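Engineer: Chains as they are written, first to last, in our numbering: chain P, 625 to 1117; chain A, 134 to 381.
(1) Classify residue 276(A) as buried or exposed, calling it buried when 16 or more other Cβ atoms lie within 10 Å of its own Cβ.
(2) Let me confirm a value: residue 952(P) is counted as buried when at least 16 other C-beta atoms fall within 10 Å, else exposed. Which label applies?
(3) When you compare only the Cα positions, how much space is there between residue 851(P) and residue 668(P)?
(4) Is the CB-CB distance between residue 834(P) and residue 747(P) below 8 Å?
(5) Report the residues of the stretch 176–203 of chain A with a CB closer than 7 Å to any CB of chain P, ordered along the chain.
(6) Residue range of the alpha helix (DSSP H) that residue 301(A) falls in?
(7) Taking only three categories from DSSP, how would you classify residue 907(P)?
(8) Select from 211(A), 296(A), 301(A) and 267(A) the residue whose C-alpha is nearest the C-alpha of residue 224(A).
(9) Who pairs with residue 201(A) in a beta bridge, going by DSSP?
(10) Within 10 angstroms of the Cβ of residue 937(P), are there 16 or more other Cβ atoms? Answer buried if so, exposed if not.
(11) When we look at the beta-carbon of residue 965(P) and count the other beta-carbons within 10 Å, is it buried (16 or more) or exposed?
(12) Rounded to whole angstroms, what is the Cα-Cα separation between residue 683(P) and residue 1081(P)?
(13) Where residue 859(P) and residue 1088(P) are concerned, what is the direct C-alpha to C-alpha distance, given to the nearest angstrom?
(14) So, helix, strand or coil for residue 334(A), using DSSP?
(15) Below 7 Å between beta carbons is the criterion; list the residues of the stretch 221–239 of chain A that meet it against any residue of chain P, in chain order.
(16) Taking the alpha-carbon positions, what's the residue 1069(P) to residue 657(P) distance?
(17) Verify the CB distance criterion: does residue 679(P) have a CB-CB separation below 8 Å to chain A?
(18) Looking at residue 218(A): is its Cβ nearer than 8 Å to the Cβ of residue 296(A)?
(19) Could you compute how far the alpha carbon of residue 1118(P) sits from the alpha carbon of residue 192(A)?
(20) Compare the C-beta of residue 1013(P) with all C-beta atoms of chain A and state if any pair is closer than 8 Å.
(21) Do residue 678(P) and residue 1062(P) have their CB atoms nearer than 8 Å?
(22) Around the Cβ of residue 838(P), are there at least 16 other Cβ atoms within 10 angstroms (buried) or fewer (exposed)?
(23) Where residue 996(P) and residue 1093(P) are concerned, what is the direct C-alpha to C-alpha distance, given to the nearest angstrom?
(24) Is the beta carbon of residue 782(P) less than 8 Å from the beta carbon of residue 806(P)?
(25) In three-state terms, what does DSSP make of residue 967(P)?
(26) Residue 976(P) and residue 985(P) - do their beta-carbons sit closer together than 8 Å?
(27) Count the other C-beta atoms from every protein chain shown that fall within 10 angstroms of the C-beta of residue 722(P), then say buried if there are 16 or more, exposed otherwise.
(28) Residues in its own chain within less than 8 Å of residue 707(P) by CB, not counting five upstream and five downstream?
(29) Sorted by chain position, which residues of the same chain lie with C-beta nearer than 6 Å to residue 212(A)'s C-beta, five sequence neighbours on each side aside?
(30) Say whether chain P places a C-beta atom closer than 8 Å to the C-beta of residue 256(A).
(31) Does the beta-carbon distance from residue 227(A) to residue 1071(P) come in below 8 Å?
(32) Who are the neighbours of residue 1018(P) on chain A, taking C-beta pairs under 7 Å?
(33) Indicate whether the contact test is met: 3 or more Cβ pairs, each with one atom in the stretch 194–202 of chain A and one in the stretch 358–372 of chain A, closer than 8 Å.
(34) Any C-beta of chain P sitting closer than 8 Å to the C-beta of residue 273(A)?
(35) Name the two residues that bound the continuous beta strand (DSSP E) containing residue 774(P).
(36) Which of helix, strand or coil does DSSP assign to residue 349(A)?
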């Protein structure tokens, strides 16, 4: 029995052991990020590195912190984002100045991959030809065109308003959801919208990017970032990618993923072999979702089970220790409740400086989330015990320890158990977010699917997660039916 | 703790004073329980009779005064140790719902680490005397009738053979016919295993039926304390007379 318990725990902890000396490639969670991460991973593999992928790490700040803390070794960032969102500079300085700022943070900027993924205004090719419009300043002569501008671009401080002011544009644009804007252009409902210069849909919808002839938009050159202490061989390998991808190329690669349903690994491999950067590779890219499903599920279960065990081991004794002190009990419920109000993505981000990314912070976050139902149910069970039970337990001469052991805790078990059940279900749901910090699990296909607008891939994570939740319900119900007498149960079922 | 129960008074309360929210309930109360006799305290609800019982097993602390049990003065912390020598049964019975009837009865003996043989012998003896068969003993509290639960509660209170038994309206929750049966069981046991019993009741009939002595309590004072016959034949006050007349 005990031996199996040890095997079980070791099995759960096994992912911790897999942090061997390898190069960890990260990426932000959107399709261009994944694709560039995959390109880098395959290039490094080809150059003899042992590569681990932590792609789709979520927002900029999570990925950047992960690099700084050494959780990943390289990811692709945009110079404009680095300057403004990360380093908080007023505008994007020259490459050498930016390099100096980055150096103070312990970060080294490698040579640009070749494209500038910035904002742009796009117009249908047909309309552009008809009116001979090729640059933004040409628009001044066509005040009757309809503009549909994405909500985000309307609000950005480097967005519509300063752009209109800089060029003296005479329009009152309507706000439109970006994902609908191209279709609106195709239907001739609007003539012009904002876009990213590498958007894979630009070619598909036959759109023309208007030249930013006054250099209004800051540069968003894609550059690999490493730490200043990075292995020179790593830097040399990455430098090999410099200037291999221009805007048109990146558009095409993005389109292959988004519109042609090719996997990141396939597109990356085709690109690298096409550019003769690698020979025909035998690398393992991202597997098909069916192949990866068992891994997703196992990782997901590991996360939830370890977190749940931890919160039981901490939450139940803690509640028992404080329940006789009303103030401490209230404080405990208050604190665990407060944890619950922190948005999960924020909690994960807050944890990066302390614990980095990956498995450990994910488990810690899940642990913190599942404390509340367990603590609250344990305390409620103990505080709402029938006063007659307490009077009799004391009156018949049970010591405080015996009262707990033989009366109060057995009577509280059903309610504590349903707290654990709630925590387990919450954990299964919340654990999908662990993918944002590279802890894997069923969130991985969800995050990737969201960034690709690929519903099938999202369902690869969402359906098993839902099934796991239902299975867990059944499992707990079975355990309850087996071990808790009917008259003591307090469940809906 | 060795209990010498042959002394005259098994329990003695001396000069007890107690107030709730500045409302005095007891002022210099004196009370004693004759050894191995059944003593009933009778009075209307709110007169303080249950509180008096809780003073004895330490569930309520006096503001002032002394409590002697079997000739020894006890402090509050000692009282907790004494509780296992004072069986305790209440109106709501309070059987633990997660234990079956037998396990409720033997819990204290298990904690006292009695041998399983002694536990079984004692359980069989009590069950026999109280008319509980094996089928009843294996049931959970919610499966017992009121009368069965009451008898299981009494068995639990007497499991450790306590020299003192404190019964707080312990017969009140069942119908009159069942109650008569339980009286019989209880008196039979008291005959074979005499112990000092304090019976709190609002029912003069019950007191007369079961006790050797009756103390009538009115607003925190004991207005008469005498053998049953004397209380019935010579009520000390109008109040006692009325209680006797109304109930008998």
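Every residue gets a Cβ at the ideal spot worked out from N, C-alpha and C, and that includes glycine. Keep in mind that this is a model prediction, so the values were computed, not measured.
Structural biologist: Taking the definition as stated:
(1) Exposed, because fewer than 16 other Cβ atoms sit within 10 Å of the Cβ of residue 276(A).
(2) Exposed.
(3) Taking the straight line from one Cα to the other gives about 16 Å.
(4) Taking 8 Å as the cut-off, the beta carbon of residue 834(P) is found closer than this to the beta carbon of residue 747(P).
(5) 190 and 192
(6) Counting along the chain, no alpha helix (DSSP H) covers residue 301(A); the unbroken beta strand (DSSP E) around it starts and ends at 297–301.
(7) With a pLDDT of only 46 at residue 907(P), under the threshold of 50, the placement of this residue in the model should not be trusted; the figure read from the coordinates follows. Annotated three-state conformation of residue 907(P) is coil, per DSSP.
(8) 301(A)
(9) 145(A) and 206(A)
(10) exposed
(11) exposed
(12) Cα to Cα, the separation comes out at about 20 Å.
(13) 40 Å
(14) The answer is strand: DSSP assigns residue 334(A) an E or B state.
(15) So the list reads 221, 223, 225, 227, 229, 230 and 231, given in the order they occur along the chain.
(16) 15 Å
(17) no
(18) Yes. Within cutoff.
(19) This structure cannot speak to residue 1118(P), because chain P is shown only from 625 to 1117.
(20) yes
(21) Closer than 8 Å, so yes.
(22) exposed
(23) C-alpha of residue 996(P) to C-alpha of residue 1093(P): approximately 19 Å in a straight line.
(24) no
(25) coil
(26) yes
(27) buried
(28) 713, 715, 716, 717, 722, 725 and 842
(29) 191
(30) Against chain P, the CB of residue 256(A) has no partner CB under 8 Å away; the residue lies outside that interface.
(31) If you check the CB distance, residue 227(A) and residue 1071(P) do not come in under 8 Å.
(32) 192
(33) no
(34) yes
(35) 772–774
(36) strand
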